[in-house]
Amino acid sequence: KAPAEVQITAEQLLREAKERELELLPPPPQQKITDVEELNDYKLRKRKTFEDNIRKNRTVISNWIKYAQWEESLKEIQRARSIYERALDVDYRNVTLWLKYAEMEMKNRQVNHARNIWDRAITTLPRVNQFWYKYTYMEEMLGNVAGSRQVFERWMEWQPEEQAWHSYINFELRYKEVDRARSIYERYILFRALAVLVLVHPDVKNWIKYARFEEKHSYFAHARKVYERAVEFFGEEHMDEHLYVAFAKFEENQKEFERVRVIYKYALDRIPKQDAQNLFKNYTIFEKKFGDRRGIEDIIVSKRRFQYEEEVKANPHNYDAWFDYLRLVESDADAETVREVYERAIANVPPIQEKRHWKRYIYLWVNYALYEELEAKASERTRQVYQACLELLPHKKFTFAKMWLLYAQFEIRQKNLPRARRALGTSIGKCPKNKLFKGYIELELQLREFDRCRKLYEKFLEFAPENCTSWIKFAELETILGDIDRARAIYELAISQPRLDMPEVLWKSYIDFEIEQEEYEKTRNLYRRLLQRTQHVKVWISLAQFELSAGQEERLPRCRQIYEEANKAMRSCEEKEERVMLLESWRSFEEEFGTDATKERIDKLMPEKIKKRRKLQAEDGSDAGWEEYYDYIFPEDTANQPNLKLLAMAKLWKKQQQESEAAAMDPDKDIDESQT
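Per the numbering used here, the sequence shown starts with residue 19, numbered consecutively.
The structure is reproduced here in structure tokens:
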């Protein structure tokens, strides 16, 4: 079945039905009863209608209530009472039925009947609080205080909800029965049954209300006793900050400031930090109002400590949070507390044995050791910290040279040189590193143990023969000690190594060493050996400057000869900038020491700087446009390449052609030029 093309809404149907009402039926006329017979006839018909409705559906309680209210309006109380009783036989759980029945009796001043109905109601449905409230209110309005109290007592036996107890307490307070109200509070907190304490309402707020009740009626000792009982009752397992805040405020009102401070500190030490925000806030306000500067600082420190505790609890491997926490604890705490926090921090070992994950963690150990040495003045504990850290590190995968060096320096400060040497020797044996060798050598140099330094340098160079700095430092040590031959032998060994990290620095140091010893011939040989390995322009320039500064009679011819030799060697060099650098250095030399002929000669050798264009290509091979760059054309290369000379003549001819064409296009310009 398909839906109709035109859809009609319910609103449209109702509107059309209303519009099609052809005539409105008038309401029936009002009937006026003039005698008793008509009245009886009316009652008979009305009762028959009600009875028919009830007979059709006995469970519709509204029909019963309407029937009873109609009888009540005719002052037929006995009939109305009968109808209510029949209705209760049908549905005795209907709350409205009981309420209407009792209200009818109260309205018609049938007090005993009303009491009977309320009594039946609370007996039948004891968990309906409305019955109890109505019953007690009726008795109180009648002035029957004892009866109302008796109803309340019956109600309390059912252990009702919180508001019922407060209603009972307020009832007693209205009649100034403070002792009775106190006893109700006691039962309200703890209910005794079968000689066993059964918790009824063990919530903290109920204890607080009880204590405030005592405080309101000026029973301060009783109020304090209630708070103390509450603290003892809940113990340390179920502590609540609201109880302690209320207790502290009570003591504050009694001007017992020391007791307030003790309460706050006791609670802060035992309540979990995440549940003590309000406690912190109130403690801070109290200290600002009544405390001294030290007290305010203590609460601020406690608050920050709580924040750091939350951070490290959320992420124990957040070492930056541990550093901040430790800085705070060190500033204001005893040594045992600081040690406890350090132990907790170092217990969070990085889960992965990769050095990048350990770089922040290792500083926890460093700070711990420095704290024990400088602040706690505990040298033995400091030694234990260093040893524990060094045992923890996975030396086969990586190590931290700073920890070994710090440990050795600590032992030296303790005047225990054998331990320091043993630690550094162990480090070199387990996990040799450049930094460890340098630190050990530096220590022995300071102690003037040169033989040990030589042995360490030998071990160092066996471990890292490509380290040019080590070779240079070793040679410098021998030079300082005056053993020139050993220093030269070390340099020779160094430059003969197949692989070096900074060979140019090593060669420069060797050359400077020979110059310092005024061994000029050996220096020249070194330069020649170096030029056999590399034809770098800086080597040639350095050699020329050396010859110039050698101070001999033939220094200028030697220097010029080196420049000539370098220029010839650099002709095959692809880097034209280096060749230009060489010629610039040569021209500077000739301008200072040369003749006119030599200056003219070097000027002829200087290249011409021209601008060129070259095509660029992208990474995918497509065209990326053109690029301009500068190139150098050397006269010596031009003379050897006739094609370049032919190209220059072609450019000159093209320029002349362009000038002649421009003159033909503008004849007036030629006339003006001839007249001028």
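The C-beta atom is built at its ideal place from N, Cα and C for all residues, glycine as well.
- Around the C-beta of Asp641, fewer than 16 other C-beta atoms lie within 10 Å, and the residue is accordingly described as exposed.
- Within a 10 Å sphere around the beta-carbon of Tyr509 sit 16 or more other beta-carbons, which makes this residue buried.
- The stretch 232 to 239 makes no contact with the stretch 250 to 262; the number of CB pairs closer than 8 Å stays below 3.
- Between Ser445 and the set Cys471, Gln432, Arg466, Phe416, the nearest pair of CA atoms involves Phe416.
- Boundaries of the alpha helix (DSSP H) harbouring Ile502: 502 to 513, taken from the DSSP string.
- Per DSSP, Val196 is one residue of the alpha helix (DSSP H) stretching across 196 to 207.
- The stretch 81 to 148 contains no complete beta strand (DSSP E) run of 3 or more residues.
- The beta-carbon distance between Gln148 and Val196, rounded to whole angstroms, is 28 Å. This is too long to meet the 8 Å contact definition.
- Under DSSP, Glu55 takes part in no beta bridge, so it has no partner.
- In the DSSP assignment, His235 falls outside any alpha helix (DSSP H) and carries neither an H nor an E.
- Glu484 sits away from Asp530, with the two beta carbons spaced by 8 Å or more.
- Each of Glu522, Glu534, Thr400, Arg547 was checked against the Cα of Ile498, and the nearest Cα belongs to Glu534.
- Rounded to whole angstroms, Val129 and His260 show a C-alpha spacing of 47 Å.
- Following the DSSP letters along the chain, one finds Pro436 inside the alpha helix (DSSP H) bounded by residues 435 to 448.
- Of all C-beta pairs linking the stretch 491 to 507 to the stretch 466 to 475, three or more are shorter than 8 Å, placing the two stretches in contact.
- Close CB contacts of Phe468 within its chain, under the 7 Å cut and outside five residues either way in sequence, are with Leu499 (chain order).
- Excluding the 5 residues flanking it on each side, Tyr545 has same chain C-beta neighbours closer than 8 Å at Ile529, Val557, Ser560, Leu561, Phe564, in chain order.
- The Cβ-Cβ distance between Ile95 and Asn126 falls below 8 Å.
- Closest in C-alpha terms to Arg133, from the list Lys61, Ile226, Glu121, comes Glu121.
- Fully enclosed alpha helix (DSSP H) runs of no fewer than 4 residues occupy 259 to 271, 275 to 288, 295 to 308 of the stretch 243 to 328, in order along the chain.
- In terms of Cβ geometry, Phe304 and Tyr282 form a close pair [threshold 8 Å].
- Assigned with DSSP and collapsed to three states, Ile580 falls in helix.
- According to the DSSP assignment, Tyr186 belongs to the alpha helix (DSSP H) that extends over 180 to 192.
- Counting the other Cβ atoms within 10 Å of the Cβ of Tyr110 gives fewer than 16, which makes it exposed.
- The alpha carbon of Asn296 has as its nearest neighbour, out of Tyr262, Arg322, Arg288, the alpha carbon of Tyr262.
- Rounded to the nearest whole angstrom, the CA to CA distance from Ser567 to Glu618 is 24 Å.
- Taking the C-beta atoms as reference points, Trp489 is found nearer than 8 Å to Ala512.
- In this structure, Tyr186 places its C-beta atom within 8 Å of the C-beta atom of Phe170.
- Secondary structure of Leu600 (DSSP, three-state): helix.
- For the pair Tyr389 and Glu328, the CB atoms are not nearer than the 8 Å cut-off.
- Counted as a single uninterrupted DSSP element, the alpha helix (DSSP H) harbouring Gly457 occupies residues 452 to 464.
- Pairing Asp221 with Pro290, the inter-Cα distance amounts to about 19 Å.
- Taken atom to atom, the span from the alpha-carbon of Asn81 to that of Glu23 is near 46 Å.
- Partner residues in a beta bridge of Trp176, as assigned by DSSP, do not exist.
- Setting aside the 5 residues that flank it on each side, Ala98 is surrounded in the same chain by Ala86, Gln87, Glu89, Glu90, Met122, each with a C-beta closer than 8 Å to its C-beta; the list follows chain order.
- In the three-state reduction of the DSSP assignment, Lys633 falls in the strand class.
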